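Just so we're aligned: the sequence shown equals residues 0 to 611 in numbering that gives the first Met the number 0.
Here's the structure, in structure tokens; my notes come after.
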Amino acid sequence: MKRRMLFILVVITLLHIPILYAEVPLPDGAKALLGKGKIYDMAYTNDGTQLVVASSMGLWIYDAVKFEAIKLLTKHSGPIMSIAFTPDGKTLVSADIDGDVHLWETDTYTHIREINQSFPIQSIAISPDGRTLAVGDAGAEISLWDMKTGKRKIIIQSDKIEGIIYGLAFSPNGFVLACATSDFKIHLFDSVTGGYIHALAGHRFVVLSFAFSPDGGTLMSGSPEGTIRLWDPVTAEQKHVFSPGSSIYKVVYSPDGSLIAGGGFGDIYLLDGNTGEHKKTFSGHTAPIGSLAFSTDLRTISSASNDGTIRFWEVVSATNTHTISDHYGEFTSFAWSADGKTIVSPSHGLNVCVWDATTGELKSVFGNDELFLVYNVAYHPDGKTVALVSAEKDITIWDVETGEHLRTFKGLAGEIGCVVYSPDGKTITTGSKDAAIRLMDVKTGEVTKTLMGHKEEVTSIIYSPDGKTFASCGWAERSIRLWNVETGEQKHLLQGHELYVRDISFSPDGRTLVSADETENIYLWDVETGEKKGALDMDSLVVKCVGYSPDGGRLVIGCVDGTVAVLDAVTGAVQKRFTGHSVEVSHVSFGADGASIASRSEDGVLYLWDVR
């Protein structure tokens with residue numbers, strides 16, 4: 000059940016598909032944007048000429064005729080979970096997981112107003128008269144806001160609402176507001192007073208999507224339990240159940256109410272809007288479908304899936320007429336191949352993307368049901384395989400070229416936080432939440448050493464170039480530990496950081512270790528003695544991550560304000576500065592040729608930067 004809920008992917012391996020967003024300019028100095036962000040919601044404009052896509056990166060505006068990205072709105076600091084147009088189509092409202100709501104004027108997409116809430120937002124709805132915005136958050140509250148003034152009208156709090164609010168919808172007459180929560184029910188409230196009406200009960204799992212029919216006579220809902228249900232919202236009686244044999248993640252009515260579309264694990268089910276009778280199935284996606292939208296002329300259904308694509312379907316023939324690719328995102332980490340030609344990046348969406356690091360083009364995508372929330376990746380020195388670490392205790396090994404799953408190392412103690420190969424490729428080293436570091440033989444899977452010393456979860460491990468030493472740091476620790484690989488003994492404890500250590504990197508000659516602790520200082524350490532050699536003051540830049548260039552003459556830093564900068568490794572003088580990330584940068588590194596830098600921000604976006 001846990002895996003179904005989190006949208007487990009089947010194995011997918013794709014040929015390279017051209018990037019379709021050249022119309023949206025890259026930041027100065029950027030060679031490529033890797034992926035366009037995971038999709039959470041989408042909607043057509045009232046005239047049907049544009050499709051607005053809410054993603055982990057921002058709001059993408061697509062020309063619905065030419066299928067080209069024409070604008071990217073990046074006001075949000077976190078993934079955008081829900082969007083809605085006012086009935087007159089003049090205003091777009093978007094809400095994100097950080098609790099922020101933004102209003103946009105749709106002619107030019109000029110920003111109008113921001114509304115802030117205290118908890119993450121999963122769903123919003125706009126009243127039929129366009130005057131009221133309903134916002135449901137993870138604090139089990141529904142806030143009703145005045146669209147014109149931006150002031151809160153009332154807060155609906157009820158002991159009937161449990162946990163996250165997964166969906167909101169106004170009835171067509173505007174008098175009823177429905178919400179779906181963690182208790183598997185749909186609760187109906189008086190939208191004026193906030194008074195409780197009743198609940199629609201029958202689902203055996205969380206209701207992720209529901210909607211009123213345009214005439215208000217029916218409410219339909221979908222759930223990962225594998226059903227689409229039709230209800231009488233007045234009597235709370237169930238009218239019809241459709242069970243396609245697949246989890247249902249999204250349901251929508253056509254604008255005239257004659258059709259229902261339900262998104263499942265790869266397939267779209269088209270039903271009669273009145274009877275719920277199954278009419279046809281659209282097949283083509285290879286992963287769960289989280290977003291659906293009918294075009295205003297009823298001729299097209301657009302669908303977005305965890306397989307990274309938006310597909311456009313002709314309703315009459317069920318034909319896939321066009322596909323927009325590269326909507327992968329919320330990357331959790333990345334790794335360069337030793338030759339600097341390839342980057343591998345896993346994502347929250349359970350895809351693992353393989354990129355050409357020279358062109359920024361997507362080469363392939365792979366994954367299977369063992370990839371349960373992959374958080375870390377390590378490239379083997381031979382460039383042929385990668386090791387992936389998920390939220391569970393297993394390590395999976397994959398062939399990068401073919402996408403074939405080669406092996407799984409099971410039964411490791413402690414949830415793994417980080418993974419790295421030794422320079423000779425014979426050992427996999429992991430840091431775990433139980434504060435242990437484990438060295439594993441790549442051929443046998445046997446744990447050859449378990450090193451203790453950290454007091455908290457081990458978050459980063461890096462080998463010296465000669466493979467004789469590795470450094471480690473832990474969550475909520477202000478120190479760094481240097482270890483002798485052969486004996487497993489701790490060589491030095493490096494102390495002196497102001498705050499918790501966030502990132503570490505060896506110089507190419509192995510004599511110096513550089514570290515960052517989310518302050519304006521970068522620390523330099525003598526690896527042989529364990530003594531601090533000095534600190535580089537970055538003035539106003541708060542540094543989150545750091546790495547050496549292949550020649551050792553430069554450093555790259557990623558900062559809390561989204562800046563990526565290249566420094567002189569001795570003086571700390573800034574040589575280049577790149578601004579493209581909208582939130583803090585959590586991972587940066589040079590490619591093997593020293594001419595490119597890859598960076599990842601906390602919103603999961605990856606950029607390639609030209610530093611020649």
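Note that CB positions come from ideal geometry on N, CA and C, so glycine has one too.
Computed from a prediction, not measured in an experiment: that's the story for all the values here.
- Query: For Thr226, which of Leu207, Asp214, Ser294 and Glu236 has the nearest alpha-carbon?
  - Reply: Of the residues Leu207, Asp214, Ser294 and Glu236, the one whose Cα lies closest to the Cα of Thr226 is Leu207.
- If Tyr248 sits next to Gly289, beta carbons under 8 Å apart, how far is it from one beta carbon to the other, in whole angstroms? The beta carbons of Tyr248 and Gly289 sit about 5 Å from each other, so the pair counts as a contact at 8 Å.
- Message: Taking a contact to mean a Cβ-Cβ separation below 9 Å, would you say Leu132 touches Ile114 in this structure?
- Response: yes
- Looking only at DSSP bridge pairs, what is Trp335 linked to? Ile342
- Item | Given 8 Å, three or more beta-carbon pairs between the segment 489-498 and the segment 547-567 | no
- Item | Pairwise C-alpha distance: Thr341 and Cys352 | Rounded to whole angstroms, the gap between the alpha carbons of Cys352 and Thr341 is 10 Å.
- Task: Could you name the residues of the same chain whose beta carbon sits closer than 6 Å to that of Ser548, not counting the 5 residues immediately before and after it, in chain order?
- Result: Contacts found: Phe589 and Gly593.
- Item | Spatial neighbours of Ala337 in its chain, beta-carbon cut-off 6 Å, leaving aside the 5 residues before and after | Close CB contacts of Ala337 within its chain, under the 6 Å cut and outside five residues either way in sequence, are with Pro380 and Gly382 (chain order).
- Out of Gly466, His101, Thr429 and Leu481, state which residue places its alpha-carbon closest to the alpha-carbon of Val457. Taking Val457 as reference, the option from Gly466, His101, Thr429 and Leu481 with the minimal CA-CA separation is Thr429.
- Query: For Val584 versus Thr562, is the C-beta spacing smaller than 9 Å?
  - Reply: yes
- Item | Chain-order list of residues whose beta-carbon lies under 8 Å from that of Ala198 (same chain, five-residue window excluded) | Lys159, Lys184, Ile185, His186, Leu187 and Ala235
- Message: Assess contact between the segment 46-60 and the segment 68-80, defined as three or more Cβ pairs (one per stretch) separated by less than 8 Å. Is contact present?
- Response: Below 8 Å, enough C-beta pairs join the segment 46-60 and the segment 68-80 to call them touching: three or more.
- Are the CB atoms of Ile309 and Thr318 nearer to each other than 9 Å? no
- Query: On the three-state DSSP scale, how would you describe Thr308?
  - Reply: coil
- Own chain partners of Val233 with C-beta closer than 6 Å, once the 5 adjacent residues on each side are dropped: none
- Should Tyr108 and Leu72 be called a contact, given that it needs their Cβ atoms to be closer than 9 Å? yes
- Query: First and last residue of the beta strand (DSSP E) that includes Val545?
  - Reply: Val542 to Tyr547
- Pairwise C-alpha distance: Asp214 and Gly47: 22 Å
- Message: For a test of the three-state rule: what should DSSP assign to Thr192, helix, strand or coil?
- Response: Note: Thr192 maps to coil in three-state DSSP.
- Task: Assign Thr486 to one of three DSSP states: helix, strand, or coil.
- Result: coil
- Message: Residues in the same chain with beta-carbon distance under 6 Å from Ala286, minus the five sequence neighbours each way, listed in chain order, please.
- Response: Leu8, Ser304, Asn305 and Asp306
- C-beta contact flag for Ile267 and His239 at 9 Å: no
- Taking all protein chains shown into account, decide if Glu530 is buried (16 or more other Cβ within 10 angstroms of its Cβ) or exposed. exposed
- In angstroms with no decimal places, state the Cα-to-Cα distance between Lys65 and Val23. 14 Å
- Item | Which of helix, strand or coil DSSP assigns to Leu498 | coil
- Assign Leu492 to one of two classes, buried (16 or more other C-beta atoms within 10 Å of its C-beta) or exposed (fewer than that). exposed
- Item | Environment of Ala21 [buried if 16+ CB atoms lie within 10 Å] | With a pLDDT of only 40 at Ala21, under the threshold of 50, the placement of this residue in the model should not be trusted; the figure read from the coordinates follows. Exposed.
- Go ahead and pull the three-state DSSP assignment for Asp145. strand
- Can you tell me whether Pro223 is buried or exposed, with buried defined as 16 or more other CB within 10 angstroms of its CB? Buried is the call here.
- Item | Spatial neighbours of Glu445 in its chain, beta-carbon cut-off 8 Å, leaving aside the 5 residues before and after | Met439
- Classify Lys249 as helix, strand or coil using the three-state DSSP reduction. The answer is strand: DSSP assigns Lys249 an E or B state.
- Would you give the residue range spanned by the beta strand (DSSP E) that Gln49 belongs to? Gln49 to Ser54
- Run through DSSP, which three-state label would Glu67 get? strand
- Message: Are the CB atoms of Asp560 and Val541 within a distance shorter than 9 Å?
- Response: yes
- Any idea if Glu488 is buried or exposed, counting beta-carbon neighbours within 10 angstroms, 16 or more meaning buried? exposed
- Message: I'd like to check one pair, Ser344 with Ala334: are the Cβ atoms closer than 9 Å?
- Response: yes
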